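Have a look at the structure below, then the notes.
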Amino acid sequence: MKQLIIEGNKKLTGEIEISGAKNGIVALIPAAILSDEGATLYNVPDISDTKSLLDILELLNCPTKYANEELEIDTKRIENKVIKEELAKKLRASYYFMGALLAKFKYAEIYFPGGCNIGTRPIDFHINGFKKLGADVTIEGNKYIFKANKLKGAKIYLDFASVGATINIMLAAVKAEGKTTISNAAKEPEIVNVASFLNSMGAKITGAGTSEIKIEGVEHLGRGIIDVIPDRIESGTYIIAGALMGENLKVSGIIEEHVESLLSKLKEMGVDMKVEENYVIINKPSEYKPINVKTLVFPGFPTDLGQPISVLLTQANGTSILEETIYENRMGHIKYLQKLGANVRVNDRTAIFMGPSKLKGTEVVATDLRAGAAMVLAGLTATGTTTINEIEHILRGYENIVEKLQNVGASIRIKEDKE
Ligand code: EPU
Numbered sequence: 252m253k254q255l256i257i258e259g260n261k262k263l264t265g266e267i268e269i270s271g272a273k274n275g276i277v278a279l280i281p282a283a284i285l286s287d288e289g290a291t292l293y294n295v296p297d298i299s300d301t302k303s304l305l306d307i308l309e310l311l312n313c314p315t316k317y318a319n320e321e322l323e324i325d326t327k328r329i330e331n332k333v334i335k336e337e338l339a340k341k342l343r344a345s346y347y348f349m350g351a352l353l354a355k356f357k358y359a360e361i362y363f364p365g366g367c368n369i370g371t372r373p374i375d376f377h378i379n380g381f382k383k384l385g386a387d388v389t390i391e392g393n394k395y396i397f398k399a400n401k402l403k404g405a406k407i408y409l410d411f412a413s414v415g416a417t418i419n420i421m422l423a424a425v426k427a428e429g430k431t432t433i434s435n436a437a438k439e440p441e442i443v444n445v446a447s448f449l450n451s452m453g454a455k456i457t458g459a460g461t462s463e464i465k466i467e468g469v470e471h472l473g474r475g476i477i478d479v480i481p482d483r484i485e486s487g488t489y490i491i492a493g494a495l496m497g498e499n500l501k502v503s504g505i506i507e508e509h510v511e512s513l514l515s516k517l518k519e520m521g522v523d524m525k526v527e528e529n530y531v532i533i534n535k536p537s538e539y540k541p542i543n544v545k546t547l548v549f550p551g552f553p554t555d556l557g558q559p560i561s562v563l564l565t566q567a568n569g570t571s572i573l574e575e576t577i578y579e580n581r582m583g584h585i586k587y588l589q590k591l592g593a594n595v596r597v598n599d600r601t602a603i604f605m606g607p608s609k610l611k612g613t614e615v616v617a618t619d620l621r622a623g624a625a626m627v628l629a630g631l632t633a634t635g636t637t638t639i640n641e642i643e644h645i646l647r648g649y650e651n652i653v654e655k656l657q658n659v660g661a662s663i664r665i666k667e668d669k670e
């Protein structure tokens with residue numbers, strides 16, 4: 252298995268350019284199959300989740316061309332096929348093919364999705380939404396079967412503002428007859444990105460980015476075109492790296508509004524930052540004030556940055572608290588922070604940090620994607636060598652993480668299996 256090897260405690264200086272959003276592209280690729288004429292996507296991140304979805308497009312007979320962050324998808328000869336288990340389970344977002352295939356063919360067969368092991372992650376809101384639109388849903392072993400004679404617009408209320416359910420129902424409803432309303436919809440920027448893409452094809456979606464989305468069904472969807480938004484979680488991860496080890500570290504290509512909740516927490520901690528509309532310059536302060544962080548839906552503090560910011564909390568002067576409210580099991584990284592020397596304890600979904608702690612390099616595990624990001628941040632901060640195992644999780648979501656960090660002065664490399 253590949254490992255990441257980091258020699259820590261080196262100043263980070265220079266510029267890191269942010270890539271397209273993982274949680275944007277993973278929904279945009281399935282959305283593309285709704286077009287009868289194909290689609291062009293720009294700013295597409297080269298991460299393993301993108302590759303996994305391109306494999307599903309190949310199975311569906313949608314040829315693709317992907318170079319220089321530009322992705323061309325030909326949907327003209329699309330065929331409806333069972334999405335096989337080995338493809339579906341590679342990532343969570345394979346479930347967006349449920350909504351997309353159902354809208355396109357009124358029929359879909361797809362195995363259970365995969366993704367990070369951070370909680371039970373049911374998809375009952377997605378399923379209930381499809382049923383409201385007129386679909387029959389059955390489960391056969393590890394496979395879902397969706398079937399509809401026709402899909403008809405409906406009023407759908409989500410018990411929780413789920414990102415996945417909002418997007419999946421939007422996908423299923425774009426070609427349904429009449430009007431669909433999604434109430435208590437999620438407001439994450441990736442949802443706006445998907446709605447803009449569908450509207451570029453001729454869909455009639457309004458209200459994306461608010462808690463009520465309205466969709467007027469259309470019969471035909473033409474060519475789609477979209478720029479993937481910058482990854483706000485990647486942005487946040489490198490901004491935190493700057494707060495930990497930065498010396499005029501510039502993180503560029505961000506959308507300030509998308510990272511506001513993080514910036515406001517860093518200001519509270521006393522991190523030295525110059526914030527402009529599309530970049531931030533960050534310096535490590537001489538001391539960090541302790542803070543409390545509670546993860547929430549957008550525009551609150553993102554659950555995906557809870558693990559990364561926990562590394563910074565180990566460095567604050569006093570007691571800080573991180574409360575995770577979205578997932579039951581997002582504290583898998585804490586035992587490795589402890590192994591690195593952090594004074595932190597966990598009580599269910601809350602972690603209490605008593606800092607500052609001196610971190611010292613050791614062997615750790617990336618238990619999931621953002622836990623992996625936290626281990627990289629900890630490795631950059633620790634003295635000595637940190638070895639991270641199971642880095643496949645990290646490569647699913649961070650484009651060129653090694654090169655980006657090397658370019659700003661980090662000592663980080665991938666150790667291949669046979670070394
Ligand atoms: N939930 C249900 N039923 C459902 C759907 C969700 O109970 O039908 C619960 C979940 O179990 C969870 C909460 O609602 O407790 C929120 O889940 P949500 O549906 O919003 O999350 P998701 O769509 O599965 C996406 C991202 C996650 C990110 C969350 C929250 C993708 C592929 N994944 O997941 O990203 O944490 O939204 O912002 O877009 C990551 O990138 O590391 C990651 C896990």
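Here the numbering used here is used: the first residue of the sequence shown is 252, the next is one more, and so on. Glycine included, each C-beta is placed from N, C-alpha and C at the ideal position. Quantities reported herein were computed from a predicted structural model and do not represent experimental measurements.
What residue ranges within the region 385-449 form continuous beta strand (DSSP E) runs of no fewer than 3 residues, ordered along the chain?
387-391, 394-398, 406-408 and 430-434
Between GLU528 and ILE505, what straight-line distance do the alpha-carbon atoms span, to the nearest angstrom?
8 Å
Whole beta strand (DSSP E) elements within the region 519-607, 3-residue minimum
Correct list: 523-526, 530-534, 543-545, 569-574, 595-598 and 601-606.
Following a CB-centred definition, is GLY381 positioned closer than 7 Å to any heavy atom of ligand 1?
Reading off the sequence, residue 381 comes out as Phe, not Gly. No; taking the cut-off as 7 Å, the Cβ of PHE381 has no heavy atom of ligand 1 nearer than that.
List in chain order: all unbroken alpha helix (DSSP H) runs of 4+ residues lying wholly within the region 282-312.
299-310
By the 10 Å Cβ neighbour count, where 16 or more other Cβ atoms means buried, how is MET668 classified, buried or exposed?
In the sequence on display, residue 668 carries Asp and not Met. ASP668 is exposed by the Cβ-count criterion.
Once DSSP output is grouped into helix, strand and coil, what is the label at ILE369?
Here ILE369 sits in coil by DSSP.
Apart from the five residues on each side of it in sequence, which residues of its chain come closer than 8 Å, Cβ to Cβ, to LEU646?
ILE298, SER299 and ILE652
In three-state DSSP terms, what is VAL616?
strand
Find out if the Cβ-Cβ distance for the pair GLY259, VAL295 is shorter than 8 Å.
no
Quick check: the Cα distance between GLY630 and THR432, rounded to an integer number of angstroms?
46 Å
Does DSSP classify TYR317 as helix, strand or coil?
strand
Cβ pair GLU614, THR638 closer than 8 Å:
Result yes, Cβ atoms of GLU614 and THR638 sit closer than 8 Å.
What are the boundary residues of the alpha helix (DSSP H) that includes TYR489?
Start and end: 483-496.
With DSSP run on the structure shown, which of helix, strand or coil describes ALA278?
helix
Just checking my contact of SER608 with GLY623 at CB under 8 Å: how many whole Å lie between their CB atoms?
Incorrect: roughly 20 Å between the Cβ atoms, too far for contact.
Is it the case that the Cβ atoms of ALA282 and VAL414 are separated by a distance below 8 Å?
no
Is PRO553 near ligand 1, judged by its Cβ being under 7 Å from some heavy atom?
yes
Does DSSP put THR634 in a helix, in a strand, or in coil?
It is a strand residue.
At a cut-off of 7 Å, is CYS313 close to ligand 1 when judged by its beta-carbon and the heavy atoms of the ligand?
no
Rounded to a whole number of angstroms, what is the C-alpha to C-alpha distance between THR488 and LEU513?
10 Å
I need the DSSP call for SER462, collapsed to helix, strand or coil.
coil
Residues bridged to LEU322 (per DSSP)
LEU292 and TYR317
Hey, VAL502 and VAL531 are a contact pair by Cβ (cut 8 Å); roughly how many whole angstroms apart?
5 Å
Leaving out five residues on either side along the sequence, give the residues of the same chain with a beta carbon under 6 Å from the beta carbon of VAL277.
ASP300 and ALA344
Between the region 432-443 and the region 567-576, do three or more beta carbon pairs fall short of 8 Å?
no
Rounded straight-line distance, which links the Cα of ALA617 to that of LEU311:
Approximately 32 Å, taken between the alpha carbons.
Does the count of Cβ pairs from the region 283-290 and the region 347-360 closer than 8 Å reach three?
yes
Across the region 593-602 and the region 457-469, are there enough close Cβ pairs to call them in contact, namely three or more that are closer than 8 Å?
No: fewer than three Cβ pairs fall under 8 Å.
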